[in-house]
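Visitor: Under the numbering used here, the first residue of the sequence shown carries the number 11, and numbering increases by one thereafter.
Take this structure first; my questions come after.
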Amino acid sequence: MNDFMQGLLMEKHEDVELQVFDGDQPLKEALLYPSGNMDVISRSDHVHFAIYQSILEYAGRRWLLVFKSSPYFEETIDTGQVNSILLLGIISSLLLFAVVLSLTKSRNQALSLAKMTLDLEKANLGLRREIEERKQDEETLQRYAAELEKKNQELQGALAKVRQLTGLLPICASCKKIRDDTGYWSGVETYVSEHTDAVFSHGLCPECEKKALEDLAQLIRENK
11 MNDFMQGLLM
21 EKHEDVELQV
31 FDGDQPLKEA
41 LLYPSGNMDV
51 ISRSDHVHFA
61 IYQSILEYAG
71 RRWLLVFKSS
81 PYFEETIDTG
91 QVNSILLLGI
101 ISSLLLFAVV
111 LSLTKSRNQA
121 LSLAKMTLDL
131 EKANLGLRRE
141 IEERKQDEET
151 LQRYAAELEK
161 KNQELQGALA
171 KVRQLTGLLP
181 ICASCKKIRD
191 DTGYWSGVET
201 YVSEHTDAVF
211 SHGLCPECEK
221 KALEDLAQLI
231 RENK
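Quick look at the structure:
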């Protein structure tokens, strides 16, 4: 198998190792051809950078071909830059996630604050309306109270005037003067004017007018 594979490959490829197994499984007892260092192949803890497997059927047999990166190839490749890029990508992703998370939290907080502000504005508007309604009610009550007080005062004044003219009034049977509480005698016109808002306009009743005319005629006859 070694002569056969060397005849096929013709050249030694240091970057790739080839293993040929008899069957479908990479069993140690089924290994027909290994290229590379057997010490590395026998190590189970060695992890290759790249591995590829393929099944080859020939002459009624199934062979498993396993291609692996060689230790020489793995030593020549520089994974530091790849690891740096990977680490930088992970850090950038974490930072981006943190920024997005912070923006999301800030947005949620802003929405909550806006909603709270809107609720407070609605509550404040409701309180203002209630205060205005109460002020209007108070103004209406005050206006009604003022009107009621005015009516009450007018009623009390009218009642006082009525009371001034009620009761027993001492009046002279001859001259018709009225005596007040201080004992002073005054005419009917004077007494009523002092105790009420009434104003007198003098005139003669029909009987007095007839009597006055008769007296005037008698006086004229006597003068003639």
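C-beta: ideal position from N, C-alpha, C; glycine also.
(1) With 9 angstroms as the threshold, decide whether the Cβ of proline 44 is near any Cβ in chain D.
(2) If you check the beta carbons only, do valine 76 and glutamine 63 fall under 9 angstroms apart?
(3) Pick from Gly193, Glu204, Asp25: whose alpha carbon is nearest that of lysine 78?
(4) Can you tell me the Cα-Cα spacing of leucine 104 and leucine 113, whole angstroms?
(5) Express the C-alpha separation of glutamate 164 and leucine 151 in angstroms, rounding to a whole number.
(6) Going by Cα to Cα distance, which pick from Leu128, Pro36, Met126 is closest to tryptophan 73?
(7) Could you check how far apart the C-beta atoms of valine 30 and tyrosine 43 are, in whole angstroms? I think they sit under 8 angstroms.
(8) Which complete beta strand (DSSP E) runs does the region 125 to 174 hold, if anything under 3 residues is left out?
(9) In whole angstroms, what separates the C-alpha of glutamate 67 from that of phenylalanine 107?
(10) So tryptophan 195 and lysine 187 are supposed to be a Cβ contact under 8 angstroms. How far apart are they, rounded?
(11) Alpha carbon to alpha carbon, what distance is there between arginine 138 and leucine 111?
(12) If we count the other Cβ atoms within 10 Å of its Cβ and call it buried at 16 or more, is glutamate 27 buried or exposed?
(13) Glycine 197: beta carbon under 8 angstroms from a heavy atom of the ligand HEM?
(14) From proline 81 to phenylalanine 59, what distance separates their C-alpha atoms?
(15) Once the 5 residues before and after serine 52 are set aside, which same chain residues still bring their CB inside 8 angstroms of it?
(16) Quick check on the DSSP output: the beta strand (DSSP E) that includes phenylalanine 77 runs from which residue to which?
Guide: Walking through what the data contain:
(1) You won't find chain D in this structure, because it holds only one protein chain.
(2) Inclusion of valine 76 and glutamine 63 in the CB contact set at 9 angstroms is warranted, their separation being smaller than that value.
(3) Nearest C-alpha to lysine 78: Asp25.
(4) Cα-Cα distance, rounded: 14 angstroms.
(5) Roughly 20 angstroms separates the two Cα atoms.
(6) Out of Leu128, Pro36, Met126, the CA that lies nearest to the CA of tryptophan 73 is found in Pro36.
(7) The C-beta separation of valine 30 from tyrosine 43 comes to about 4 angstroms, placing the pair in contact by the 8 angstroms criterion.
(8) Taking only runs of at least 3 residues, no beta strand (DSSP E) segment lies wholly in the region 125 to 174.
(9) Approximately 51 angstroms, taken between the alpha carbons.
(10) With a Cβ gap of about 4 angstroms, tryptophan 195 and lysine 187 count as contacting.
(11) The straight-line gap separating the alpha-carbon atoms of leucine 111 and arginine 138 is approximately 40 angstroms.
(12) Here glutamate 27 is buried, its C-beta having at least 16 other C-beta atoms within 10 Å.
(13) The ligand HEM is not among the ligands present in this structure, which contains no ligands whatsoever.
(14) If I take the Cα positions, the gap works out to 9 angstroms.
(15) Residue confidence is low: serine 52 scores 48 on pLDDT, short of 50, so the model does not pin down where it sits. Its coordinate-derived value is still stated next. Taken in chain order, the list of residues that qualify is empty.
(16) Here the beta strand (DSSP E) through phenylalanine 77 covers 71 to 79.
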